[in-house]
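One structure is given below, encoded as structure tokens.
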Amino acid sequence: MKRLLYFALFILILVSTTMTPQTLNLLPVPEKITLGEGNFVLTHSFDISIKGNPDKRIYPYATRVLRRLSGRTGLFFPQDFLTEKSIEDTADCIISVEQPGKVLLNEDESYSLQVFSNKILLKSKTDLGAMRGMETLLQLLQNDDSAYFLP
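Right, here's the structure in full:
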């Protein structure tokens with residue numbers, strides 16, 4: 434009888450763990466997550482472009498994010514530093530910012546992050562939101578036997 438109970442418990446645990454949907458451990462928890470098909474695979478040619486009207490603090494921040502990605506993946510990216518001249522429509526990651534943010538209570542730090550198989554789009558009203566979005570991007574980094582990717 435105990436063997437039957439243990440076997441049933443084992444099957445129940447096995448089925449419950451295989452049927453759970455993929456979850457992403459992100460902090461802070463996003464308001465909405467929609468997982469699509471495919472992944473963006475990071476390659477040695479990965480680059481970032483910043484468009485719009487951000488505060489100048491976003492450029493060294495994005496450079497640090499690029500360095501952190503390089504450190505986690507072992508890939509060496511050709512882009513050394515991001516500057517106001519880092520505006521390319523062909524970049525792998527395009528960050529669009531409407532206006533500079535102010536470090537105040539109730540400042541809009543929301544962002545929209547879309548990851549496609551060939552491009553990453555990060556849109557935000559303020560550069561503070563874009564910085565939060567870049568942190569989420571780092572949290573999304575995953576790997577398998579052959580590549581590093583973003584779901």
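Going from the sequence shown to the working numbering is simple: count from 1 and add 433.
Even glycine gets a Cβ: it sits at the ideal position worked out from N, Cα and C.
**Request:** Output the boundary residues of the alpha helix (DSSP H) element that contains residue 491.
**Result:** 491-506
**Prompt:** Can you name, in chain order, every residue of its own chain whose Cβ lies under 6 Å from the Cβ of residue 526, other than the five neighbours on each side?
**Reply:** 481, 553
**Request:** Pull up the CB-CB distance for residue 498 and residue 582, whole angstroms please, since I reckon it's below 8 Å.
**Result:** About 17 Å separates the two Cβ atoms, so there is no contact after all.
**Item:** As assigned by DSSP and simplified to three states, the class of residue 520
**Value:** coil
**Message:** Checking 8 Å against the spacing of the C-beta atoms, do residue 561 and residue 540 come in under that value?
**Reply:** yes
**Request:** For residue 483, count neighbouring C-beta atoms within 10 Å of its own C-beta (all shown protein chains included) and say buried if the count is 16 or more, exposed if not.
**Result:** buried
**Message:** Taking 7 Å as the limit between beta carbons, can you name the residues of its chain near residue 546, skipping five residues before and five after?
**Reply:** 555, 566, 569, 570
**Asked** Of the choices 542, 559, 532, whose alpha-carbon is the least far from that of residue 464?
**Response** 542
**Residues bridged to residue 485 (per DSSP)** = 530
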